[in-house]
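First the structure, in the form of structure tokens, and then the observations on it.
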Amino acid sequence: MGEDRGSTGTTTTTAETQARRVAGAGRTADPPAAIAGLDAAGGLAALRGLLARPLASYYLLLSSAGLLLLIGLTMVFSATSVKDYAEAGDASASVTKQAVFAVIGIVAFWACQRFPASTFRSLGRPVLAAAVVLLLVLNLLLALDSLFRITALGPLRANLLWLYLGPIQVQPSELAKLALVLWGAHVIARKGAALGWWKELATPLFPVVGLLFVLVGYNDLGTMLCLLAIVVGLLWAAGVRMRVFAALSAVGLLGIGLLVAVASLGAGSGAAGEENYRLARLTSFISPPDPATCLETGCWQLVQARNAIEHGGWFGVGLGKSSLKFGWLPAAHNDFIFAVIAEELGVVGCTVILVLFAVLAYTGLRVARRVEDPFRRLAAAAITAWLVGQAVINVGGVIGLLPLTGVPLPFISDGGSALVVTLAAVGILASFARAEPDAARALHARPPARWVRLLWAPLPPLPGRRRRPATPPAARGSVPRSRARREDDQAAPRGGRQGRTRGGTASERRR
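For the sequence shown, counting from 1, position 250 maps to 250 in full-length UniProt numbering; every step adds exactly one.
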């Protein structure tokens, strides 16, 4: 009997051991999937932790804009080296010029990220006035050239979108974008809740926007679309009703069609007036012609860009090995630089560019959502809509999803005025990112060294602390209000209380 009990106990123990082994084997079969799930969850948790840091918006903005700028300088050198060497014997001529403008833009970024919001509000009107004056001069010179063949007024010359003052070349439409952001945000923030009324939108916002549309859109349809994106960003951040957006869309489409029709008949079509390139671009987008007739129909650039994208494949042909820069694609370093990226770096390189712009868009909207000041919120949303909208217009035109408009790709295309203004706009966003409530508290809790604050950026104001307006000094010979009340009380009659009301002086009520 004892042996039976022992054998039974041994059998039970063996069965339990086998069951445990089976369970253990079952558990060891699942861990790869479980561990993968834990890794994914841990990665998301780590990402949330990084985004929850107070200065996350600031560093996201610096990293995305900085990487786009470095990629842009690299691709400008790749797209222009062959042409520069053939024309001047210097393969780095264009990229050197672009690097100089990049340095100027970085200085503009540094200056703008140091300024408070009050400085930007005060700069709105002067920058807008300067942009309007430059646009008027540009259109005047173009009209004189078209009507009377007068090509210059002293040192001033004009060529389509550019204004030349001696050796200095300026693109006024780029300044108009920044001017509309600053001035429009100031006007809408000042109106506040009154924006629900049409008359508050009609003056002074819409007349100025219409003037900019006419001055810019006559020569540059792409910049007019960017201005429209800025207006949409401003009104969206202000919480304007959807019916206003519907009305604006109808008016905007009608105005764009009218400007295209008018400009295609005059000087806005080209230097000679016969080159109706806007109409040709729109026609080739609506009904694509045969690629064999592209030289006659104006779709040569689009066909070559698509061929380059197809040639690049997934990983590209290699940096510097594009065939477009050998004269096959005009403006390969400017409007069509995304096609060069697609051929040399492939789908992977294009995806990196788009992801960086997506990070920039997320950061701009994050700043607009977190700041407390209405002006900062409006300006951040407008700058984000401008930069991301311009990137969408450029990339969509290159790959054939949108009509060609000729706008550059921000940070990447060759162009001095556009790069400087773009980096200045990013500097404004950086100033707003440092002014987020959590970021401002963190900077004040652990402030950087004094020399860092002097050389890089001062501390932003703490949230919720507004300066009380100072009491204006009393005029000479005037009597303070409190003293006047005391003298009135002392000079009041001290008669009986019959017939007196509680509305008498303070001394009478005390008696």
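Glycine is no exception: its CB is placed at the ideal position from the N, C-alpha and C atoms.
Go ahead and pull the three-state DSSP assignment for residue i.
i	result
Ile150	coil
Ile412	coil
Arg243	helix
Val317	coil
Trp328	coil
Gly72	helix
Ala457	coil
Ala238	helix
Gln169	strand
Leu156	strand
Leu387	helix
Leu404	coil
Leu161	coil
Phe101	helix
Ala449	coil
Ala129	helix
Gln304	helix
Gly464	coil
Gly89	coil
Thr422	helix
Phe111	Reading off the sequence shown, one finds Ala at residue 111, where the question assumed Phe. Of the three classes helix, strand and coil, the one that applies to Ala111 here is helix, per DSSP.
His333	coil
Ala79	helix
Ser122	helix
Cys299	coil
Arg53	coil
Glu310	helix
Ala435	coil
Please classify residue i as buried or exposed, where buried requires at least 16 other C-beta atoms within 10 Å of its C-beta.
i	result
Leu253	exposed
Ala271	Low per-residue confidence applies at Ala271: pLDDT is 44, beneath 50, and the placement is therefore not dependable, though the value from the model is reported in the following sentence. It is exposed - the Cβ of Ala271 has fewer than 16 other Cβ atoms within 10 Å.
Gly477	Caution is warranted here: a pLDDT of 45 is assigned to Gly477, below 50, making its placement in the model unreliable, and the coordinate value is therefore given only provisionally. Label assigned to Gly477: exposed.
Gly464	exposed
Ala23	In this prediction, Ala23 scores a pLDDT of 49, lower than 50, which makes its location untrustworthy; the coordinate-derived value is nonetheless stated afterwards. Label assigned to Ala23: exposed.
Ala332	buried
Met1	Summary for Met1: the model assigns pLDDT 44, below 50, so the residue's position carries little reliability, and this model does not support an answer.
Glu343	buried
Val367	buried
Val340	buried
Glu174	buried
Asp90	exposed
Met224	buried
Val348	exposed
Trp386	buried
Ala358	exposed
Ile168	exposed
Ser249	exposed
Ala424	buried
Ala88	exposed
Phe77	buried
Gly415	buried
Ser417	buried
On the premise that residue j lies in contact with residue i, defined as a C-beta separation below 8 Å, what is that separation, rounded to the nearest angstrom?
i	j	result
Phe75	Ile412	It is Met, not Phe, that sits at residue 75 in the sequence shown. So it is a contact: roughly 6 Å between Cβ atoms.
Ala158	Leu141	4 Å
Asn219	Leu161	6 Å
Val95	Lys325	Not a contact, Cβ separation roughly 13 Å.
Arg450	Ala237	Rounded, the Cβ-Cβ distance is 36 Å, inconsistent with contact.
Leu147	Leu156	About 17 Å separates the two Cβ atoms, so there is no contact after all.
Glu436	Ser57	6 Å
Ala457	Arg114	5 Å
Gly427	Cys112	3 Å
Does the beta-carbon distance from residue i to residue j come in below 8 Å?
i	j	result
Gly346	Gly313	yes
Ala117	Phe375	yes
Arg205	Phe120	The displayed chain sequence assigns Leu, not Arg, to residue 205. No, Cβ-Cβ distance for Leu205 and Phe120 is not below 8 Å.
Thr384	Gly233	yes
Leu73	Ala102	yes
Gly184	Ile150	no
Phe245	Leu227	no
Ala442	Leu55	yes
Leu360	Ala108	no
Ser322	Ala305	no
Ala433	Leu201	no
Ile104	Val420	yes
Leu135	Val216	yes
Leu429	Ala391	no
Leu409	Phe338	yes
Gly222	Gly406	yes
His311	Val317	yes
Looking at the ligand HEM, does it come within less than 7 Å of residue i, judged from the CB to the closest heavy atom?
i	result
Val348	The ligand HEM is not part of the structure shown, which contains no ligands of any sort.
At 4 residues or longer, and completely inside the stretch 350-377: list those alpha helix (DSSP H) runs for me, N to C. none
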